[in-house]
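Some notes on the structure that comes next.
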Amino acid sequence: MLLLLQLLFLWVLPELLLLLLLFLLQFLLRLLLLFLLHHFEWWLFLLFVQLLLHLLLWYIFLLLMLVLLQGYPILLSVHFVFLLLVQCLKHLLLFSLSFFLKNQTKFHFPLS
Numbered sequence: 070m071l072l073l074l075q076l077l078f079l080w081v082l083p084e085l086l087l088l089l090l091l092f093l094l095q096f097l098l099r100l101l102l103l104f105l106l107h108h109f110e111w112w113l114f115l116l117f118v119q120l121l122l123h124l125l126l127w128y129i130f131l132l133l134m135l136v137l138l139q140g141y142p143i144l145l146s147v148h149f150v151f152l153l154l155v156q157c158l159k160h161l162l163l164f165s166l167s168f169f170l171k172n173q174t175k176f177h178f179p180l181s
């Protein structure tokens with residue numbers, strides 16, 4: 070029972086708090102980028118900056134988790150490495166899709 074409480078307070082609780090902080094930072098980042106997108110026409114550059122900042126947030130989160138876990142099994146950290154890769158792929162897909170949609174008006178496909 071003591072080991073279970075120790076794992077809860079030393080492992081699960083800090084991870085959940087950091088995850089909550091990460092999502093809050095991502096939400097604030099999106100609000101800032103929406104504001105910038107509304108006032109500026111650098112949409113492609115801002116999407117790239119958003120991708121980099123999200124990856125940086127996930128990387129910082131992963132490093133904090135590795136420091137907090139110290140000697141415990143790092144199963145959840147491996148899980149977050151996977152989440153980091155999924156986030157990276159998602160943002161790259163969104164980035165390429167938005168680039169394609171923005172430039173789609175320049176191409177005129179003939180109707181067959």
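Reading the sequence shown from the start, the letters are residues 70 to 181 in the numbering used here.
In this text, a Cβ means the ideal position worked out from N, Cα and C, and glycines have one as well.
CB residue i to CB residue j, shorter than 9 angstroms?
i: Leu162; j: Leu116; result: no
i: Cys157; j: Leu102; result: no
i: Phe130; j: Leu98; result: no
i: Leu91; j: Leu126; result: yes
Nearest to residue i by CA position, among the options, is which residue?
i: His123; options: Leu85, Leu94, Val136, Leu100; result: Leu94
Around the Cβ of residue i, are there at least 16 other Cβ atoms within 10 angstroms (buried) or fewer (exposed)?
i: Leu166; result: exposed
Examine the ligand NAP and report whether any of its heavy atoms sits within less than 8 angstroms of the Cβ of residue i.
i: Leu91; result: Among the components modelled here there is no ligand, and therefore nothing to report on the ligand NAP.
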